[in-house]
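Here is the structure we will look at.
Residue numbers (full-length UniProt numbering): 1 to 157.
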């Protein structure tokens, strides 16, 4: 078995986040937790994931502080997996991935759902990046600079 490279100590925040949630099963487990799944069996049934893989991914998400375990809310002997604030913080990332797919997928008509505002049933607007003064930003409008007191590695295009 090949050991996966860890980006836990990388100076890039994108690499660090991928270390925590970078495989597709972890992202899909978080998606299901956002939809309300809490129990091992619910995740297994909805994702069709082998139990041994699900066990490893759930443990990693708990270790990363994205999920936490708690006694089952119905008083049974089971445990539930609950999103932490860190886990709920993945929501905009999932929305961005969803919107990217909706824009660039070769067969968007096959996408079964749309993301809507619960209050009015209307589609959610596309995520946008804004400057502190409110200007809409694109990649060309941004750059990286060293954090005060740190020396960042050189980034080339």
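From the three backbone atoms N, C-alpha and C, an ideal C-beta is built for every residue, glycine too.
Round the Cβ separation of residue i and residue j to the nearest angstrom and send it over; I've been treating them as touching at under 8 Å.
i          : j          : result
residue 34 : residue 83 : 7 Å
residue 25 : residue 57 : 5 Å
Leaving out the 5 sequence neighbours to the left and right, which residues in its chain are closer than 8 Å to residue i when beta-carbon positions are compared?
i          : result
residue 62 : 68, 69 and 81
residue 15 : 7
residue 42 : 32
Check whether the Cβ atoms of residue i and residue j lie closer than 8 Å to each other.
i           : j           : result
residue 126 : residue 115 : no
residue 32  : residue 47  : yes
residue 54  : residue 64  : no
residue 66  : residue 30  : yes
residue 90  : residue 21  : yes
Please report the distance separating the alpha-carbon of residue i from that of residue j.
i           : j           : result
residue 118 : residue 75  : 30 Å
residue 111 : residue 121 : 18 Å
residue 77  : residue 23  : 30 Å
residue 123 : residue 109 : 16 Å
residue 12  : residue 131 : 21 Å
residue 156 : residue 140 : Per-residue confidence for residue 156 stands at a pLDDT of 48, beneath the threshold of 50, marking its modelled position as unreliable; the derived number appears in the next sentence. Whole-angstrom Cα-Cα distance: 14 Å.
residue 150 : residue 39  : 42 Å
residue 134 : residue 148 : 24 Å
residue 107 : residue 113 : 13 Å
residue 102 : residue 10  : 31 Å
residue 92  : residue 51  : 28 Å
residue 144 : residue 36  : 37 Å
residue 105 : residue 5   : 29 Å
residue 220 : residue 100 : Given a span of 1 to 157 for the chain in the structure shown, any question on residue 220 remains unanswerable.
residue 88  : residue 71  : 20 Å
Can you list, in chain order, the residues of its chain with a C-beta nearer than 7 Å to that of residue i? Leave out the 5 residues immediately preceding and following it.
i           : result
residue 128 : 136
residue 86  : 65 and 66
residue 73  : 80
Subject >> alpha helix (DSSP H) runs wholly inside the UniProt domain "HTH hxlR-type" (12-109), at least 4 long, in chain order >> reply: 13-21, 24-34, 40-47, 51-63, 85-88 and 91-104
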